[in-house]
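Take a look at the structure set out below.
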DNA sequence: ATGAAAGCGCTAACAA
DNA sequence: TTGTTAGCGCTTTCAT
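Chains as they are written, first to last, in my numbering: chain A, 5 to 346; chain B, 5 to 346.
Given below as structure tokens:
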């Protein structure tokens, strides 16, 4: 590949036109005669000319670059969203910077730089309510939230229908005859946690099962927190025949704790997870779970954000993405009424 | 946050100096008198002025942006490398674009655009030899390879000492008394696969164990390929008391197949993996594995690349990153000499 | 130590 | 339809 780079003027000179005509050609402006256009296009082809993106950004005042800020880049859920956003962005000629912001200070700093130095046209924020990071979003800057509904009317969002998803998970367990359903929640401040729990309550209520405080545990999305929840429940001799873990990692932790206590899954206790992470079907037993389409969430976020950038006047719309129940072998019919042997 | 953006001339006007003096201040050039400097700095502070990155790129001909091209963004291994690279880049004032390139055509297209349009100063390529993508790297463009040694003298690389890592894994099994060690390889064209297998052979050789063709299986890094390898081995009645899977996902697949065949791990067969992925300690049983420090690999890659960009004359150095054996419960002493009961 | 002028490669506004 | 002239916001070079 050549390393010398030509400019719009090189092309103009060789084609015998003004640089502005070249600009018109590369920008697909109509007012160029077919003959001139062809001449210019031939030279572009010959030189393998590509317009300098920086110069364009400079002249247009737009960078065609987005940034996606996520608590980290490695969680499968975040990584998939980013991948989806990147694909969609690229499809329409945008680029995506992604940064991990473990805390709100890092977040504030990155946003301040990215926006202040005019590096980007828009911002995708994954899990904006994980802490107070949302307070550092500059007003009127094109932004979209992912994972949680936005509490600011000006900011659109893309999220699951978490309430429905939680409801579906619990309905599935109830349908199998379970009535004492332990719920391991995610980080309690996340709106999605609250919504999933709301779904849990609605499902119980619909079946006239009165919810018990003692069956509600607070996790933090980690496998360890799932493990500890079950450990605690077991120590306290809590009765339950099913577990609804609000993500797969906590479900794994929960299954681990149950196994350590010699409790059979699903014969004695059913477990349902949430996310359908890549190895979910390889767990022991393969995990029944609620599948989210993270890639689609990312694509939708990028699409909506770019629309907002290019049509600032129109009202952008927020989206809820559908979920799907994937039944594997970690859930089963409650064994005929008798209590779990421990 | 303000949405109006000031320029270097606004600052100059308010400070009563020329815009060039402001430029000197923000670029920390020495030749500014302390008084003037202070005056300018105060105005900068007041206006919350930040230099426009695009204009700087334009004037300097450098974007301070890197791109990391990876087969995908979601594999834990890749995502961790990207996260490390992003952290290091940010630390020194660079930004990182990351793109997933599933095939060489996509790869070629992205590289062509990114480089041709002068969007980036350097390129980090994860798994360059996964297909023919490496052929599309422009000559003399600052580039670093991650995951595999480069076959081009001009391109530096960061990789594991895979041969040593493979050797360590197999030595561990041999130390536990195993002599019939099944090896599930990664994608055979990857140099890291070949090196890990070389390490496998060296360990066997050192103990005068003659390697058997029939114990070598070809996987493709997926859990399914690990599963199938064991399934095939079992069908063919292959004798083995230990498995070395060249990544954790294949190890999981292998364990799954063993479990389905009612073979106890580690009582009847030991399994060692590679990578130490996040849930490795939550598998059943918790997986013994070789841990890689992916974040460090990413950081090292970014560091080396940036050095090359800023000091094009100096020779950059390639790096091998150390690995570590993490012993959990999937490996154990071979049960006293007798053959596995099946 | 400071300022003036030119230019990075493009687009936008106007003129022809 | 085409060309000319100005910028975009900086850095760089050259004067002062």
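Glycine is no exception: its CB is placed at the ideal position from the N, C-alpha and C atoms.
Asked                                                                                                                                                                                                         : Found
Could you tell me which uninterrupted alpha helix (DSSP H) segments, each at least 4 residues in length, are contained entirely in the segment 250-307 of chain A, listed from first to last along the chain? : 252-264
Does residue 342(B) get closer than 8 Å to chain A when you measure Cβ to Cβ?                                                                                                                                 : Low confidence applies here, because residue 342(B) scores a pLDDT of 47, under 50, leaving its location unreliable; read the following figure in that light. Not an interface residue.
Among the candidates 303(B), 305(B), 281(B), 91(B), whose CA atom is the shortest distance from the CA of residue 295(B)?                                                                                     : 281(B)
Between 105(A), 95(A), 34(A), 108(A), which lies nearest to residue 110(B) when the distance is taken from Cα to Cα?                                                                                          : 95(A)
Closest to residue 275(B) by C-alpha separation, out of 299(B), 304(B), 39(B), 234(B), would be which residue?                                                                                                : 234(B)
Could you please give me the residues that DSSP links to residue 69(A) through a beta bridge?                                                                                                                 : 99(A)
Go to residue 221(A), then tell me how far its beta strand (DSSP E) extends in each direction, as first and last residue.                                                                                     : 220-222
Can you give me the Cβ contacts of residue 321(A) inside the same chain, cut-off strictly under 8 Å, excluding the 5 residues immediately before and after it?                                                : 160, 308
Can you find a C-beta in chain A that's less than 8 Å from the C-beta of residue 229(B)?                                                                                                                      : no
Rounded to whole angstroms, what is the Cα-Cα separation between residue 346(B) and residue 227(A)?                                                                                                           : The predicted model places residue 346(B) with a pLDDT of 34, which falls under 50 and marks its position as unreliable; any figure quoted below should be read in that light. One C-alpha to the other measures close to 34 Å.
With 16 as the cutoff for other CB atoms within 10 Å, does residue 79(A) come out buried or exposed?                                                                                                          : buried
Give the interface partners of residue 76(B) over in chain A, defined as CB-CB distance under 7 Å, in chain order.                                                                                            : 87
Can you confirm whether residue 56(A), when its beta carbon is compared against all beta carbons of chain B, has any partner nearer than 8 Å?                                                                 : yes
Count the other CB atoms, across all protein chains shown, that sit within 10 Å of the CB of residue 209(B); report buried if there are 16 or more and exposed otherwise.                                     : exposed
Could you spell out the range, first to last residue, of the alpha helix (DSSP H) harbouring residue 63(B)?                                                                                                   : 57-64
For my contact list, residue 201(A) and residue 212(A) are in at a C-beta cut-off of 8 Å; report their separation, rounded to the angstrom.                                                                   : That belief does not hold up - the Cβ atoms of residue 201(A) and residue 212(A) are roughly 19 Å apart, past 8 Å.
Should residue 260(B) go down as buried or exposed, given a rule of 16 or more other Cβ atoms within 10 Å for buried?                                                                                         : buried
So, is the C-beta of residue 334(B) closer than 8 Å to a C-beta in chain A?                                                                                                                                   : no
Just how far apart, CA to CA, sit residue 301(A) and residue 16(A)?                                                                                                                                           : 44 Å
Compare the beta carbon distance of residue 327(B) and residue 164(B) with 8 Å and say whether it is the shorter of the two.                                                                                  : yes
What residues in its chain sit with their C-beta under 7 Å from that of residue 6(A), if we drop five residues either side in the sequence?                                                                   : Low per-residue confidence applies at residue 6(A): pLDDT is 39, beneath 50, and the placement is therefore not dependable, though the value from the model is reported in the following sentence. Excluding positions up to five away in sequence, the list reads 52.
Beta-carbon within less than 7 Å of residue 256(A)'s beta-carbon, same chain only, minus the 5 sequence neighbours each way: which residues are those?                                                        : 227, 230, 287
Pick helix, strand or coil for residue 78(A), following the three-state DSSP scheme.                                                                                                                          : coil
Taking the alpha carbon of residue 149(B) as the reference point, which residue from 262(B), 192(B), 176(B), 85(B) has its own alpha carbon closest?                                                          : 85(B)
CB-CB under 8 Å to residue 176(A), same chain, minus the five flanking residues each way: which ones, in chain order?                                                                                         : 276, 292, 329, 331, 335
Would you please verify whether the beta carbon of residue 147(A) is less than 8 Å from any beta carbon of chain B?                                                                                           : no
Under a CB-based cut-off of 8 Å, is residue 324(B) close to chain A?                                                                                                                                          : no
Using 10 angstroms around the beta-carbon of residue 186(B), count the other beta-carbons present and answer buried if the total reaches 16, otherwise exposed.                                               : buried
Looking at the secondary structure, which residues open and close the beta strand (DSSP E) in which residue 126(A) lies?                                                                                      : 126-130
Near residue 343(B), what residues of its chain come up, given a Cβ to Cβ distance below 6 Å and the 5 sequence neighbours on each side ignored?                                                              : Because the pLDDT of residue 343(B) is 43, which lies under 50, any placement of that residue in the model is unreliable, and the question is left without a value.
Could you confirm whether any beta carbon from chain B is found closer than 8 Å to the beta carbon of residue 10(A)?                                                                                          : no
Per DSSP, which one or two residues make a beta bridge with residue 149(A)?                                                                                                                                   : 129(A), 161(A)
Flag this pair as yes or no: are the beta carbons of residue 127(B) and residue 71(B) separated by less than 8 Å?                                                                                             : yes
Output the distance between the C-alpha atoms of residue 124(A) and residue 117(A), rounded to the nearest integer angstrom.                                                                                  : 10 Å
Specify, as a first and last residue, the run of the alpha helix (DSSP H) that residue 196(A) falls within.                                                                                                   : 195-210
How should residue 193(B) be labelled, buried or exposed, when 16 other C-beta atoms within 10 angstroms of its C-beta is the threshold for buried?                                                           : exposed
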